[in-house]
Amino acid sequence: MSGSSKRVFVARLISAPVFDPLGDQVGRVRDVVIVYRTTMRQYPRVIGLVVEVPGRRRVFVPMGRVTSIDAGQVITTGLVNMRRFEQRRSETLVVNDLLDRRLRLREDDSPVQIEDVGIEQQVNRDWEVTRLFVRRVQERSSAFSAFRRRGETMQISWTDADHPADSAHDQEATQLIAAYQDTKPADLADVLFEMTPERRLQVARALDDERLADVIEELPDETQVELLSALDTERAVVVLEEMEPDDAADLLGELTDEQAERFLTLMEPDDAEDVRTLLSYDEHTAGGLMTTEPVILTPETTVAEALAHVRREDLPPALAAAIFVCRQPIETPTGKYLGLVHIQEMLRHPPHEAVGIMLDTEVDPMPPDTPLAEVTKFLAAYNLVSVPITDENDRLIGVVTVDDVLDELLPEDWRTTGRDDHRRG
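What follows is the structure, encoded as structure tokens:
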């Protein structure tokens, strides 16, 4: 291996656990930090790892503190600086900045796209970027390219390709998204937030509609508006329809009335109606906080059927903690609201029993104009994760969950606090 003792491909390293010498996990790998040498014909030096530690904080771990690294795990000295990582101008992130970048082979000037990056530990213990796993890209304007195997992949040396100083304008996001496919939307949102606006938009455009909607819900308001405005109108409308109605309403509430109305007019009528309803309430009241899509069932529904509903993968945990029982119709606004059933209560009953016999009627519903402070006290006093909201006709119109309340109580910049206030020493 040309004097090297170990080679690891970065895309396979992402999400690998990081352990201290005692075997305790301290976090997971999220990226690899490199710096270029004097010329692009020299191997870049790997200076450290971006590691996500508990609390979704990303910290920098210098390679000098890494005692062992492979595709399965990383071992460190245990001395991890907990200051938040901030990328410097001289640094390049492998996953964020290099994956999907287009280069040209020196031998024939043909275009290729980076799908993975190989790093190797040298005999002096330093780590360097030495190999690239690339895929040929067919150029429509080149007649010669027609004779090449479309999509052919190969492994090449770093020095076998020309590396322009800035090729972000010609960069896709397929491999970056693949590297984060198993992460939670909030984690991917953190990654997007730290990107340049141009790169953030490239990644957003490459995400599927549902994933993009989930990620946008986790971004700060300003970044949400930036992305929505940069998407083409048709895609933006689809993403809004995929979002939870309360999150979509919050986002549209950040726009001008004219912009919000334009999107609402283009949305599916049922989706638009839910969002319009939420926009009609003051944002600091139960109506402004609630979601219009809780689990609503009739009293005749069996425990087995109810549990099947709360097992849905797309259902947020706070909404899966209870079902709300109403007369027909069971879409908001429903028929008469009867009560709620906690999932713990359902687990104590046989599968064939009807949920209507196990109602918790002591949790009184709240009107939509209830102030945030009262909703907060109610949830805390009764140890609840959600509270029903009904109109003057006792129809269920929505549910406020504890995560909605926390979002409102925390400072506006809670998602970004600490991102920019520390640098590595």
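By the UniProt record's numbering, the letter at position 182 of the sequence shown is numbered 182, and the numbering carries on one by one without gaps.
All C-beta atoms in this analysis are idealised placements derived from N, C-alpha and C, irrespective of residue type, glycine included.
- Message: For T291 and V399, which I take to be in contact (beta-carbon distance under 8 Å), what is that distance rounded to the nearest angstrom?
- Response: 6 Å
- Message: On a Cα-Cα basis, can you pick out the residue from L105, R88 and T174 that is closest to V95?
- Response: T174
- Could you spell out the range, first to last residue, of the beta strand (DSSP E) harbouring G118? P111 to Q121
- Query: Counting Cβ pairs closer than 8 Å, one from the region 351 to 371 and one from the region 254 to 262, do we hit at least three?
  - Reply: no
- Message: What does the alpha-carbon distance come out to for the pair V74 and F19?
- Response: 6 Å
- Item | Separation of G335 from P329, as counted between CA atoms | 5 Å
- Three-way DSSP call (helix, strand, coil) for E91 in this model: strand
- Message: Using only CA atoms, which one of H352, Q344, T285 and R311 lies nearest to T301?
- Response: H352
- Query: Apart from the five residues just before and just after A168, which ones in its own chain have a Cβ nearer than 7 Å to its Cβ?
  - Reply: The predicted position of A168 is uncertain, since its pLDDT is 49 and thus under 50; no value can be drawn from it.
- Task: Please state if the CB of D403 and the CB of L289 are separated by a distance shorter than 8 Å.
- Result: no
- Per-residue burial, Y180 [other beta carbons within 10 Å of its own, 16 or more giving buried]: buried
- Query: Just curious, the beta strand (DSSP E) that H349 is in, first and last residue?
  - Reply: No beta strand (DSSP E) contains H349, which DSSP labels as neither H nor E.
- Task: Would you check if the distance between the CB atom of R125 and the CB atom of Q155 is smaller than 8 Å?
- Result: no
- Task: Indicate the three-state DSSP secondary structure (helix, strand or coil) for V26 in the structure shown.
- Result: strand
- Host alpha helix (DSSP H) of L264 (start-end): D257 to L266
- Where A213 and D247 are concerned, what is the direct C-alpha to C-alpha distance, given to the nearest angstrom? 10 Å
- What are the uninterrupted segments assigned as alpha helix (DSSP H) that are 4 or more residues long and contained completely in the region 149 to 227, given in chain order? 174 to 179, 185 to 193, 197 to 206 and 209 to 217
- So, do the region 85 to 93 and the region 11 to 27 have three or more beta carbon pairs nearer to each other than 8 Å? no
- Task: Quick one: grab the DSSP three-state call for F378.
- Result: helix
- Task: Mark E374 as exposed unless 16 or more other C-beta atoms lie within 10 angstroms of its C-beta, in which case mark it buried.
- Result: exposed
- Task: Please report the Cβ distance between V32 and V53, rounded to the nearest whole angstrom; I am assuming they are in contact, meaning their Cβ atoms lie under 8 Å.
- Result: Actually they do not touch by this definition, with Cβ atoms about 16 Å apart.
- Item | Per-residue DSSP class, three states only, for H422 | Caution is warranted here: a pLDDT of 42 is assigned to H422, below 50, making its placement in the model unreliable, and the coordinate value is therefore given only provisionally. Coil at H422, not helix or strand.
- Run through DSSP, which three-state label would H284 get? coil
- May I ask you to list the residues that DSSP assigns as paired with Y337? C326
- Answer yes if the region 265 to 280 comes into contact with the region 301 to 310, meaning at least three C-beta pairs across the two stretches below 8 Å, and no otherwise. no
- With 16 as the cutoff for other CB atoms within 10 Å, does L409 come out buried or exposed? exposed
- Buried/exposed call for A321, threshold 16 Cβ in 10 Å: buried
- Are the beta-carbon atoms of A115 and T153 separated by less than 8 Å? Checking the sequence, you will find Glu at residue 115 rather than Ala. Taking 8 Å as the Cβ cut-off, E115 and T153 qualify as a contacting pair.
- Message: As a quick exercise: from E86, D108, W127 and P62, pick the residue whose alpha carbon is nearest that of F9.
- Response: W127
- Near V35, which residues of its chain fall below 8 Å by C-beta distance, leaving aside the five closest residues on each side in sequence? P44, R45, I47, S90, E91 and T92
- Item | Strand pairing of E128, partner residues [DSSP] | R45 and E120
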